[in-house]
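>
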Amino acid sequence: MADFNKVILLGNLTRDPEVRYTPSGTAVTDLRMAVNRRFRGSDGQDRDETCFVSVTVWGRQAETCGQYLRKGRQALVEGRLKLDEWEKDGQKMSRLTVTAERVQFVGGSPRGGEFDDGPAPRQAQAPRQAPEEPHAREDPGEPPPDEDVVEDEDNLPF
135 MADFNKVILL GNLTRDPEVR YTPSGTAVTD LRMAVNRRFR GSDGQDRDET CFVSVTVWGR
195 QAETCGQYLR KGRQALVEGR LKLDEWEKDG QKMSRLTVTA ERVQFVGGSP RGGEFDDGPA
255 PRQAQAPRQA PEEPHAREDP GEPPPDEDVV EDEDNLPF
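Position one of the sequence shown corresponds to residue 135 (our numbering), numbered consecutively onward.
1) Could you check whether L230 and L147 sit closer than 7 Å to each other, using their CB atoms as the reference points?
2) Using the beta-carbon count (16 or more within 10 Å), is D218 buried or exposed?
3) Would you call G159 buried or exposed, if buried means 16 or more other Cβ atoms sit within 10 Å of its Cβ?
4) Given 8 Å as the limit, is there contact between the segment 194–202 and the segment 150–157, that is, 3 or more CB pairs closer than that?
5) What are the residues that DSSP puts in a beta bridge with Q225?
6) What's the gap between the Cα of L143 and the Cα of L210?
7) Can you have a look at T184 and say buried or exposed, based on whether 16 or more other CB atoms are within 10 angstroms of its CB?
8) What do you get for G200, buried or exposed, if any count of 16 or more other CB atoms within 10 angstroms of its CB means buried?
9) Would you identify the three-state DSSP class for G213, choosing helix, strand or coil?
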């Protein structure tokens, strides 16, 4: 069976992102997020649990995060788990982080480089392609199909 490594997080940034660049010029940004969970405990009381997650964003997406995200802003992150391991003072250390594959800004629209509390930004859509030219008809005298004929423009449904 194949392995599967996918993480989806919706949370708030705990600090402003800072963009840095690798020696080869690739942008990288580290985001720190707080992801909250509300649940009812065994005593019947509502409880909140916060999980703090480090997220690494690469490339153009890292630059965009640095430009538009700020502390407290909400973001939706899709990515994968990564185990970071290092040695400090002779002791082995490790932590799980998330490498972002996609970051979506939530809760505002860009205005002057900042987000306000207005409507959420729309997803960018692929440009619409012009309809293809109909294939050449074998008989040039053949009339076009009925759906191409508009008899009364005032009765169009749009």
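We put the beta carbon where it would ideally sit given N, CA and C, even for glycine.
Answer, in terms of the structure:
1) As a first step, residue 147 must be located in the sequence shown, where it is residue number 13. As a first step, residue 230 must be located in the sequence shown, where it is residue number 96. Against a cut-off of 7 Å, the Cβ pair of L230 and L147 comes out as no contact.
2) For this step, residue 218 is matched to residue 84 along the sequence shown. Counting Cβ neighbours within 10 Å, D218 comes out exposed, since fewer than 16 surround it.
3) Here residue 159 refers to the residue found at position 25 of the sequence shown. It counts as exposed.
4) yes
5) Working through the sequence shown from its first residue, we reach residue 225 at position 91. Bridge partners of Q225: K222.
6) As a working mapping, residue 143 is identified with position 9 in the sequence shown. As a working mapping, residue 210 is identified with position 76 in the sequence shown. Using only the alpha carbons, I get a separation of about 6 Å.
7) Numbered from 1 along the sequence shown, position 50 holds the residue referred to as residue 184. Exposed.
8) For the purposes of this step, residue 200 is identified with residue 66 of the sequence shown, where counting begins at 1. With 16 or more Cβ atoms within 10 Å of its Cβ, G200 is classed as buried.
9) Indexing the sequence shown from 1 puts residue 213 at position 79. Looking at G213 - three-state DSSP - the assignment turns out to be strand.
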